[in-house]
Amino acid sequence: MLRWLCLMMGVCSLLHAQWDGPYENLKVLPEDIGKNELRDIMRQWSMDLGVRCTHCHATPTGKFEDIDFASDDRKPKKIAREMLKMTRAVNKDFFKPHDKEISCYTCHHGTTDPRPLETILRAGYDEGGIDQLEKTYREKRKTYHGAGAYNFKPWSALSVVANSLLPNENWPDLKKIHLLNLEFNPDYDGSHFFLGAYYLDVEINETLARDHLTAAMRSNAFWTPRKSARLAKKWAHQQKSEAAERLLRMMVAVAPNHADTHANLGIYLKINGRMEEAGQALQKALSLKPDHPAAKPALAEMEQK
Ligand code: HEC
Ligand code: HEC
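Residues -17 to -1, 1 to 288 (mature numbering (1 follows the signal peptide of the UniProt record, and there is no 0)) are what the sequence shown spells out, left to right.
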């Protein structure tokens, strides 16, 4: 009767016998622990890991009221015991001396898997490719964004994974990662810069390249010209001089009033022996910024010859 009542009201949990003790299978917590204390610990663990009791406790029907609390059938319960021992040991050896302690939350932050998001994403990628990465990111973001569990800043997880994947040169996947990042962080210059370069080197689309480089400049007018100079140099070394020049010229088109873009182009042309065009670009840079630290010596050197 009581069971029926609570089933209907959905609050049976607190009336369940095992919940109140006596406890039958405590191996790490003290066997004579009080029910309030046990209850507080269990609630705390659930919150620290962001789960329900059924994550660790077996229930034949999936329902709370049928949980067999003493059972060790579920793996997370067994892991939790080891975690408790570990947490205690760490506290005893390292934190007790200065009166501090860590808890499950210190690592877990409301998740079951406290590894850094980039590690989780990369593991997903290695296991199931770009689709799994994207699925995992969307799920984690949906569940945890705003909870402080993971770092969703635009320059973090997705960017770190993208950088780690650069050596693979799988451009379609990298494109997807950066587009995903922009979906949530529409102003992030790092992803705009990547895509701008992508559309000048891999899939040639000058309109999109211009859009992305313009956005990159808008968010970061300091680093974007520097990054383009560095990338153009790298491309030139890789025998991709056409793409290198396309990038530097596009930067001039995107930011015609920024002295660095002209200086970068001028220096590139000078290295490639195209002195007349180089001189024009360097002069343009100096007309915008008379003491330009790179354009000035470059032009002086040309005039000496
Ligand atoms: C992170 C895993 C985890 C979560 C979540 C969790 N528990 Fe536990 N629970 C354990 C572990 C591990 C033990 C055994 C501890 C030991 O061996 O000393 C335990 C023991 C218990 C016991 C004692 C069972 C017995 O008779 O030995 C009860 C009752 C209990 N939990 C209730 C709950 C309730 C209610 C919730 C939800 C509010 C909950 N637990 C959430 C891991 C968990
Ligand atoms: C020092 C950091 C740290 C602390 C403290 C810590 N954990 Fe963990 N925990 C981890 C890591 C790392 C994993 C492994 C993630 C993986 O590979 O699944 C993990 C995994 C787990 C899992 C298995 C994951 C799952 O899907 O259920 C459980 C359960 C768990 N911890 C419970 C706890 C409990 C309860 C506490 C506090 C008593 C705790 N942990 C404290 C780092 C920690």
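Built from N, CA and C at the ideal position, the CB exists for glycine as well.
1. Excluding the 5 residues flanking residue 2 on each side, which residues of the same chain have their C-beta closer than 8 Å to its C-beta?
2. Measuring from the CB of residue 6, is there a heavy atom of ligand 1 at a distance below 6 Å?
3. Nearest to residue 152 by alpha carbon, out of 173, 181, 193?
4. Output the residue ranges of the alpha helix (DSSP H) runs that lie fully inside the stretch 45 to 117 and measure 4 residues or longer, sorted by chain position.
5. Using the three-state DSSP reduction, which class does residue 164 fall into: helix, strand or coil?
6. Between residue 161 and residue 54, what straight-line distance do the alpha-carbon atoms span, to the nearest angstrom?
7. Residue range of the alpha helix (DSSP H) that residue 280 falls in?
8. Quick check: the stretch 204 to 215 against the stretch 144 to 158, are at least 3 beta-carbon pairs closer than 8 Å?
9. If you reduce the DSSP assignment to three classes, tell me which class residue 39 lands in.
10. Which residue from 32, 108, 79, 11 puts its Cα closest to that of residue 61?
11. Roughly how many angstroms separate the alpha carbons of residue 163 and residue 118, rounded to a whole number?
12. Check whether the Cβ of residue 185 sits closer than 6 Å to any heavy atom of ligand 1, and report yes or no.
13. DSSP three-state label for residue 272, please.
14. Taking just the CA atoms, how far does residue 25 sit from residue 89?
15. By the three-class DSSP mapping on this structure, what secondary structure does residue 146 have?
16. Identify, in the order they occur along the chain, each residue of the same chain with its Cβ nearer than 7 Å to the Cβ of residue 200, setting aside the five sequence neighbours on each side.
17. How about residue 52: is its Cβ closer than 6 Å to a heavy atom in ligand 1?
18. Taking residue 49 as the reference, which of 59, 58, 36 has the closest Cα?
19. Here's the rule: buried if 16 or more other CB atoms are within 10 angstroms of the residue's CB, otherwise exposed. What is residue 85?
20. Please state the DSSP three-state secondary structure of residue 139.
21. Do you know how far the Cα of residue 224 is from the Cα of residue 235?
22. Could you name each continuous beta strand (DSSP E) segment of 3 residues or more that falls completely within the stretch 206 to 255, going from the start of the chain to the end?
23. Below 6 Å, is the gap between the Cβ of residue 36 and the nearest heavy atom of ligand 1?
24. Assuming contact is defined by CB atoms lying nearer than 7 Å, are residue 129 and residue 116 in contact in what I supplied?
25. Would a C-beta distance cut-off of 7 Å place residue 246 and residue 268 closer than the cut-off?
26. Comparing C-alpha positions only, which one of 97, 57, 142, 103 sits nearest to residue 132?
27. Would residue 63 and residue 100 be called neighbours here (beta carbons separated by less than 7 Å)?
28. For my contact list, residue 231 and residue 215 are in at a C-beta cut-off of 8 Å; report their separation, rounded to the angstrom.
29. Between 75, 281, 70, 257, which has its C-alpha nearest residue 265's C-alpha?
Let's see:
1. Counting only Cβ-Cβ distances below 8 Å, and skipping sequence neighbours, we find -5, 18, 22, 52.
2. Correct: residue 6 has its Cβ closer than 6 Å to ligand 1.
3. By alpha-carbon distance to residue 152, the top candidate from 173, 181, 193 is 181.
4. Here the runs fully enclosed are 58 to 73, 87 to 91.
5. For residue 164, the secondary structure class from DSSP, reduced to helix, strand or coil, is helix.
6. In this structure, the straight-line span from the alpha carbon of residue 161 to that of residue 54 is close to 46 Å.
7. For residue 280, the enclosing alpha helix (DSSP H) covers residues 278 to 287.
8. The stretch 144 to 158 and the stretch 204 to 215 do not touch, with fewer than 3 CB-CB distances between them shorter than 8 Å.
9. It is coil, neither helix nor strand.
10. Cα-wise, what sits closest to residue 61 is 11.
11. It is roughly 11 Å from the alpha-carbon of residue 163 to the alpha-carbon of residue 118.
12. Outside the cutoff, so no.
13. In the displayed model, residue 272 falls within coil according to three-state DSSP, outside both helix and strand.
14. In this structure, the straight-line span from the alpha carbon of residue 89 to that of residue 25 is close to 16 Å.
15. Residue 146: helix per DSSP, three-state reduction.
16. Same-chain partners within the cutoff: 207, 237, 238.
17. At least one heavy atom of ligand 1 is found less than 6 Å from the C-beta of residue 52.
18. Ranking 59, 58, 36 by Cα distance to residue 49 puts 36 first.
19. Counting every other CB atom within 10 Å of its CB across the protein chains shown gives residue 85 a total below 16, marking it as exposed.
20. The answer is coil: DSSP assigns residue 139 none of H, G, I, E or B.
21. Rounded to the nearest angstrom, the two C-alpha atoms are 17 Å apart.
22. Correct list: empty.
23. A heavy atom of ligand 1 is found nearer than 6 Å to the CB of residue 36.
24. The answer is no: Cβ separation not under 7 Å.
25. Yes, Cβ-Cβ distance for residue 246 and residue 268 is below 7 Å.
26. Considering only alpha carbons, the answer is 97.
27. No.
28. With a Cβ gap of about 5 Å, residue 231 and residue 215 count as contacting.
29. Answer by Cα proximity: 281.
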